[in-house]
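The structure appears below as structure tokens.
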Amino acid sequence: MVSVRAVDISKRFGDFLAVDHVNIEAKDKELVTLLGPSGCGKTTTLRIISGLVKPDTGKVYFGEKDVTNVPPHKRSIGFVFQKVALFPHMNVYKNVAFGLKMRKFPKNEIDTRVKEVLKLVHMEGFEERMPSQLSGGQVQRIDIARVLATDPEVLLFDEPLGHLDAKLRDDLKYEIRRIQKETGKTAIYVTHDQAEAFAISDKVYVMNHGRVQQVGTPLELYLNPQSDFVADF
83 MVSVRAVDIS KRFGDFLAVD HVNIEAKDKE LVTLLGPSGC GKTTTLRIIS
133 GLVKPDTGKV YFGEKDVTNV PPHKRSIGFV FQKVALFPHM NVYKNVAFGL
183 KMRKFPKNEI DTRVKEVLKL VHMEGFEERM PSQLSGGQVQ RIDIARVLAT
233 DPEVLLFDEP LGHLDAKLRD DLKYEIRRIQ KETGKTAIYV THDQAEAFAI
283 SDKVYVMNHG RVQQVGTPLE LYLNPQSDFV ADF
């Protein structure tokens with residue numbers, strides 16, 4: 083696995099400064115959360131780390147490798163978006179296997195890997211189900227399995243539970259943490275939900291107006307907020 087660093091990254095969209103000289107680090111096997119209100123720059127920061135957005139300034143490193151100009155498909159990332167987009171005409175097995183088939187993995191390896199990741203997300207036995215036959219929580223688990231199937235080095239989550247009801251969010255946030263722990267992957271997680279961030283994170287970056295306001299463990303942030311914004315938020 084690898085560490086991830088975003089060093090002095092900035093991004094402007096027209097007159098709007100979305101990310102303003104931000105520094106982020108997720109150490110090997112850590113789950114780091116970018117926490118803040120809507121429009122604070124957390125998703126743009128995540129998309130810069132993924133390679134979907136190119137920064138105006140700064141660098142992104144995976145381990146010691148500068149990946150700032152490396153396209154997303156060559157960064158060994160797994161990206162879980164807020165809106166899940168399973169192929170509706172494919173069953174669960176085919177959805178999870180799709181990335182492996184595109185990479186031309188041997189059929190027996192695909193079969194083994196699909197079974198492994200479905201077991202990991204507690205969805206074994208659902209191979210023949212169609213997406214329309216799954217609940218919202220089950221769909222999210224299959225999306226995570228699909229991302230894990232290709233064995234990326236880094237997991238990126240952009241508000242992955244935002245579309246689910248409160249009970250499902252509460253259950254799945256702990257599942258995401260369990261999966262991250264069991265796989266030992268470095269993960270960066272974006273949310274506006276303080277309880278979600280505090281429950282699953284090794285480290286939290288609180289953001290506002292494109293800047294990092296404070297960074298620390300959940301307990302450090304809770305006991306020692308260093309600004310009125312962080313205390314209030």
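Okay, so the sequence shown: first residue is 83 according to this note's numbering, each after it adds one. For glycine and all other residues, C-beta sits at the position ideal for the given N, C-alpha and C.
Taking 8 Å as the cut-off, the beta carbon of Lys267 is found closer than this to the beta carbon of Glu235.
For Ala179, the closest C-alpha among the options His274, Leu113, Val229 is that of Val229. Val149 is a Cβ neighbour of Gly133, given a cutoff of 8 Å. Going by DSSP, Ala167 is part of no alpha helix (DSSP H) at all; its letter is neither H nor E. The straight-line gap separating the alpha-carbon atoms of Ile258 and Val162 is approximately 11 Å.
The beta-carbon distance between Leu117 and Thr273, rounded to whole angstroms, is 6 Å. This is short enough to meet the 8 Å contact definition. By the Cβ criterion, the region 215-230 is in contact with the region 247-263, since at least three pairs of Cβ atoms, one from each stretch, lie closer than 8 Å. For Asn290, the uninterrupted beta strand (DSSP E) run begins and ends at 285-290, by DSSP.
When Pro170, Arg157, Gly140, Ser85 are compared, the shortest CA-CA separation from Pro213 is found for Pro170.
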